[in-house]
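Position in the sequence shown (from 1) plus 5 gives the number in this note's numbering.
Don't be surprised by glycine CBs; every beta carbon is placed ideally from N, CA and C.
Report on one structure; see the data block that follows.
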Amino acid sequence: MKFLNPLLLVVVLLTSFHSNAESPQKENPMKGVKRWGSIPVVKDTIYFPIPDGFPMTAAWDQNKPGLYQAWFYPDGQTKENWKDTLHLMAFPGIPKGSDTPAKQLLEIISQPIKAACPHDFLSEPKLQQDAKRASAIMGCRKLPNGSAIYGYYLAIQSEESMYVLARELRQGSFVGEIPIPKSLQSQWQSQVDRAIVCRRNEMCFNANDR
6 MKFLNPLLLV VVLLTSFHSN AESPQKENPM KGVKRWGSIP VVKDTIYFPI
56 PDGFPMTAAW DQNKPGLYQA WFYPDGQTKE NWKDTLHLMA FPGIPKGSDT
106 PAKQLLEIIS QPIKAACPHD FLSEPKLQQD AKRASAIMGC RKLPNGSAIY
156 GYYLAIQSEE SMYVLARELR QGSFVGEIPI PKSLQSQWQS QVDRAIVCRR
206 NEMCFNANDR
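See below:
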């Protein structure tokens, strides 16, 4: 993971706390999705469902060398008072010869989260979907300011870039398991899991078959 700047990740995660592109799809990942967004990154385009109640465009984004980010908030929420966000991180330009499984990217992202709350770190790793897709629930039960931030993180690797799409929630501190119904967890996890990366200017799913 030499192409990732660990210090940059620490700043990003502590501050915000926040399919192979060429493989044909056997099943349309966007089938049944009425609202989906897309963001071009280098030679890729990442497609993902937009949750109900969220505007179709990002509330704000940030572009730094080696890292692009975009945040989507529900109507009425902002980067100052958000409680729910869809957060995209894109790490463009993987060097040739680099072989970085998606699971390893999630492990790297978890390090600054653990540093923020070493005694209240929350982690529920999911089964790795394949070498290019992995997901996990992780976060902080209690940050120094008394709040808790946690989310469901999906890492995707394409031939050109790495991506993390996360549904993150912020609330008061808690102990034990995430204090939201399992049915709601499953709902936003299944939405995030539908994200797909395609080659730029190519549609790797049938946009009309939704």
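* Straight-line gap, T50 to N206 (C-alpha atoms, nearest Å) -> The residue you call residue 50 lines up with position 45 of the sequence shown. The residue you call residue 206 lines up with position 201 of the sequence shown. Their backbone Cα atoms lie some 8 Å apart in a straight line.
* Would you mind sorting V202 into buried or exposed? The rule is 16 or more other CB atoms within 10 Å of its CB. => Walking along the sequence shown from the start, residue 202 turns up at place 197. It is buried - the Cβ of V202 has at least 16 other Cβ atoms within 10 Å.
* Asked: To the nearest angstrom, how far is it from the Cα of V197 to the Cα of D80?
  -> In the sequence shown, counting from the first residue as 1, residue 197 sits at position 192. In the sequence shown, counting from the first residue as 1, residue 80 sits at position 75. Cα to Cα, the separation comes out at about 19 Å.
* For A200, count neighbouring Cβ atoms within 10 angstroms of its own Cβ and tell me buried if that reaches 16, exposed if not. => In the sequence shown, residue 200 corresponds to position 195, counting from 1. When all chains shown are included, A200 counts as buried.
* To do: Just the C-alpha distance for Q192 and A64, rounded to the nearest angstrom, thanks.
  => As a working mapping, residue 192 is identified with position 187 in the sequence shown. As a working mapping, residue 64 is identified with position 59 in the sequence shown. C-alpha separation (whole angstroms): 23 Å.
* **Under the three-state DSSP convention, the category A121 falls into** => One-based indexing of the sequence shown puts residue 121 at position 116. Of the three classes helix, strand and coil, the one that applies to A121 here is helix, per DSSP.
* Asked: By DSSP, does E173 sit in helix, in strand, or in coil?
  -> By one-based count along the sequence shown, residue 173 stands at place 168. Strand, per DSSP.
* Which of helix, strand or coil does DSSP assign to V197? -> As a first step, residue 197 is located in the sequence shown; it is residue number 192 there, counting from the start. It is helical.
* Selection from Y155, M167, V169 and I44 that minimises the alpha carbon distance to G177 -> Working through the sequence shown from its first residue, we reach residue 177 at position 172. For the residues Y155, M167, V169 and I44, the minimum Cα distance to G177 belongs to Y155.
* Asked: Hey, is the stretch 158–171 in contact with the stretch 108–122, meaning 3+ C-beta pairs nearer than 8 Å?
  -> yes
* Could you tell me which residues DSSP puts in a beta bridge with F126? => As a first step, residue 126 is located in the sequence shown; it is residue number 121 there, counting from the start. Note: F126 sits in a beta bridge opposite C145.
* Inter-stretch contact at 8 Å, needing at least 3 Cβ pairs: the stretch 114–129 / the stretch 137–154 -> Cβ pair count under 8 Å is three or more, so yes.
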